[in-house]
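To keep things clear, I will list the structure first and then write my remarks on it.
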Amino acid sequence: MNFKIKLSPPHMSGKELKYIQEAIDTNWVAPVGDNINFFEQDLEHYLGQEVHVTALSSGTAAIHLALILAGVKKGDQVICQSLTFAASAFPILYQGATPIFVDSEKETWNIDPVLLEEAILDRIAKGKKPKAIIVVHIFGMPAKMDDILAISKKYNIPLIEDAAEALGAEYKGQKCGTFGDFGIISFNGNKIITTSGGGALITKTKAQKEKAIYLATQAKDKALFYQHSEVGYNYRMSNIAAGIGRGQMQALSSYMGKRRENHRFYQELFKPYRFIQVFSEPSLNFHSNHWLTCIQFLSNEKGKNGMDLLKVLKEHAIESKPIWKPLYLQPIFNEYPFYGGCVAASIFEKGICLPSGSNLTKKDKEIVKEVVKTYLDECHSE
Ligand SMILES: *Cc1c(COP(=O)(O)O)cnc(C)c1O
1 MNFKIKLSPP
11 HMSGKELKYI
21 QEAIDTNWVA
31 PVGDNINFFE
41 QDLEHYLGQE
51 VHVTALSSGT
61 AAIHLALILA
71 GVKKGDQVIC
81 QSLTFAASAF
91 PILYQGATPI
101 FVDSEKETWN
111 IDPVLLEEAI
121 LDRIAKGKKP
131 KAIIVVHIFG
141 MPAKMDDILA
151 ISKKYNIPLI
161 EDAAEALGAE
171 YKGQKCGTFG
181 DFGIISFNGN
191 KIITTSGGGA
201 LITKTKAQKE
211 KAIYLATQAK
221 DKALFYQHSE
231 VGYNYRMSNI
241 AAGIGRGQMQ
251 ALSSYMGKRR
261 ENHRFYQELF
271 KPYRFIQVFS
281 EPSLNFHSNH
291 WLTCIQFLSN
301 EKGKNGMDLL
311 KVLKEHAIES
321 KPIWKPLYLQ
331 PIFNEYPFYG
341 GCVAASIFEK
351 GICLPSGSNL
361 TKKDKEIVKE
371 VVKTYLDECH
381 SE
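Once you know that position 366 of the sequence shown is 366 in this note's numbering, the rest is easy, because the numbers rise by one and skip nothing.
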């Protein structure tokens with residue numbers, strides 16, 4: 001389907017080609033070069049904490065390396081938020097470890113701290129303390145980091161922050177991705193900024209960054225010949241992709257402003273419809289990048305619901321998507337333990353994500369508004 005208005009398409013700033021050209025002119029067309037180093041520095045400055053950033057081929061690769069650095073091995077257990085994209089949890093399986101899924105709370109849609117502690121205590125009672133916790137800032141909405149960090153410290157379990165969707169989002173003025181022992185970002189084509197495909201690992205020490213680069217470049221020993229003592233990966237970002245990233249970084253603040261503006265547009269649009277709630281920050285402590293604006297149908301008033309709206313939008317070549325299907329409901333993950341009730345399941349059933357690109361035009365918004373209003377205002381025979 002060729003959508004005229006897309007959910008979250010790439011948005012070039014015009015600064016990207018210069019860095020790509022530099023890479024080609026200097027022949028650094030490889031997974032090494034200046035663009036990689038400068039892109040990492042740009043991210044470190046932007047994140048504004050004492051962090052070290054390693055540019056990688058994807059956000060998924062970053063989660064995989066975070067798990068390895070956290071010491072997760074075969075047979076270990078890793079706690080993971082259930083309302084998320086499957087890529088948050090696939091690397092747990094790469095390590096031969098077992099995912100333990102935890103439900104969300106209703107305010108931020110992220111891992112529920114109360115259930116998180118319950119899950120940890122139950123796993124310990126059953127004989128195994130989880131080796132890591134993966135928290136997600138879903139759709140760019142920061143999770144309840146104070147409570148989650150306190151639990152990670154109390155039980156001494158490393159925290160991995162999946163900030164794939166949350167570059168630029170802040171909790172109490174601090175950037176998402178910089179709270180945990182490890183953080184990850186994604187630069188996939190649909191994310192807030194893109195390198196066509198790519199990701200980054202955020203670590204607290206230089207030694208961890210060096211270990212990450214070593215693992216991401218095939219775990220070569222310091223020897224004159226090719227010698228390897230550990231399993232390595234080919235996970236480094238290309239210098240061309242990093243060039244796109246450098247151009248994108250210059251537009252990040254403006255793109256985030258545009259995404260937040262989209263969110264305000266949807267708040268206005270849905271204001272007259274009491275049975276629809278626009279997913280919004282619970283308090284000023286939370287500053288979402290509003291990567292995607294989502295809505296929930298609180299009741300089936302006039303027989304209206306998310307899946308029907310999605311179909312109507314599609315008929316008008318407008319792309320919208322269901323909310324992530326909780327991972328414990330996925331065929332690949334349904335044999336693993338789950339702690340919680342039906343918060344994530346209910347969000348999945350009642351919600352959809354709306355077109356939210358930073359390049360969504362005024363005209364696009366008018367078209368979306370027209371289609372949405374026509375659907376919501378028309379009377380049903382039901
Ligand atoms: C996109 C995404 C990932 C994976 O990032 P890639 O760069 O596509 O590998 C992981 N977690 C979440 C929540 C994501 O949205």
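Backbone N, C-alpha and C fix where the C-beta goes; we use that ideal spot for every residue, glycine too.
Neighbourhood of residue i by C-beta distance below 7 Å, restricted to the same chain and skipping five residues each side
i      : result
Tyr94  : His64
Glu118 : Tyr339
Val371 : Val312, Leu313, His316, Ile318
Ile196 : The amino acid at residue 196 is misidentified as Ile; the sequence shows Ser. Cβ within range, chain order: Gly189, Ala241, Ile244.
Asn262 : His290, Thr293, Ser356, Leu360
Asn234 : Gln218
Val29  : Ala23, Asn239, Ile240
Asn285 : Tyr171, Lys172
Phe3   : Ala317, Ile318, Glu319
Pro91  : Thr60, Ile63, His64, Leu67
Leu376 : Tyr273, Lys304
Lys365 : Phe265
Pro10  : Gly189, Thr194
Own chain partners of residue i with C-beta closer than 6 Å, once the 5 adjacent residues on each side are dropped
i      : result
Gly243 : Tyr19, Ile20, Ala23, Asn35
Ser288 : Gly140, Met141, Ala169, Glu281
Ala383 : The chain is shown only over 1 to 382; residue 383 falls outside these bounds and no answer can be derived.
Gly59  : Ala164, Ile184, Ser186, Gly199
Ala344 : Ser82, Leu83, Asp103, Ser104, Pro326
Leu310 : Ser320, Ile352
Pro31  : Arg236, Ser238
Asp181 : Pro158, Leu159
Lys15  : Gly247, Gln250
Lys73  : none
Leu116 : Val102, Ile151
Ser299 : Phe275
Met256 : Gly168, Asn289
Gly96  : Lys74
Buried versus exposed call for residue i [16 or more other C-beta atoms within 10 Å across all chains shown]
i      : result
Pro272 : exposed
Asp76  : buried
Gly71  : exposed
Arg246 : buried
Pro331 : exposed
Tyr171 : buried
Glu382 : Residue confidence for Glu382 is low, a pLDDT of 46 falling below 50, so the modelled location carries little weight; the figure read from the coordinates is stated next. Exposed, by the Cβ-count rule.
Val78  : buried
Ser254 : exposed
Asn110 : buried
Gln248 : buried
Lys363 : exposed
Lys394 : The requested residue 394 does not occur in the structure, where the chain is confined to residues 1 to 382.
Ser8   : buried
Gly341 : exposed
Met12  : exposed
Asp112 : buried
Phe85  : buried
Arg274 : exposed
Thr26  : exposed
Ser152 : buried
Ser57  : buried
Ile124 : exposed
Whole-angstrom C-beta distance between residue j and residue i, which should lie under 8 Å
i      : j      : result
Cys80  : Ile134 : 4 Å
Ile184 : Ala166 : Not confirmed; about 10 Å, so no contact.
Phe101 : Tyr328 : 4 Å
Arg264 : Ser358 : Contact doesn't hold; Cβ gap of about 14 Å is too wide.
Ile5   : Ile276 : Rounded, the Cβ-Cβ distance is 19 Å, inconsistent with contact.
Ile202 : Gly177 : 5 Å
Leu269 : Lys369 : 6 Å
Gln49  : Lys211 : Gln49 to Lys211, Cβ: 19 Å. No contact.
Close-in-space but distant-in-sequence residues of the same chain around residue i (CB under 8 Å, 5 per side omitted)
i      : result
Tyr336 : Thr98, Pro99, Ile100, Phe101, Tyr328
Leu252 : Tyr46, Leu167, Gly168, Ile192, Ile193
Glu44  : Val51, His52, Val53
Pro322 : Gly306, Met307, Leu310, Phe348, Gly351, Ile352, Cys353
Asp221 : Gln227, His228, Ser229
Ser88  : Ile63, Cys80, Gln81, Ile134, Val136, Asp162, Ala164, Leu327
Ile213 : Thr54, Arg236
### Message
Under 8 Å, with one C-beta from each stretch per pair, do the region 347–356 and the region 286–299 reach the 3-pair mark?
### Response
yes
### Query
Do three or more CB pairs link the region 204–212 to the region 143–163 at distances below 8 Å?
no
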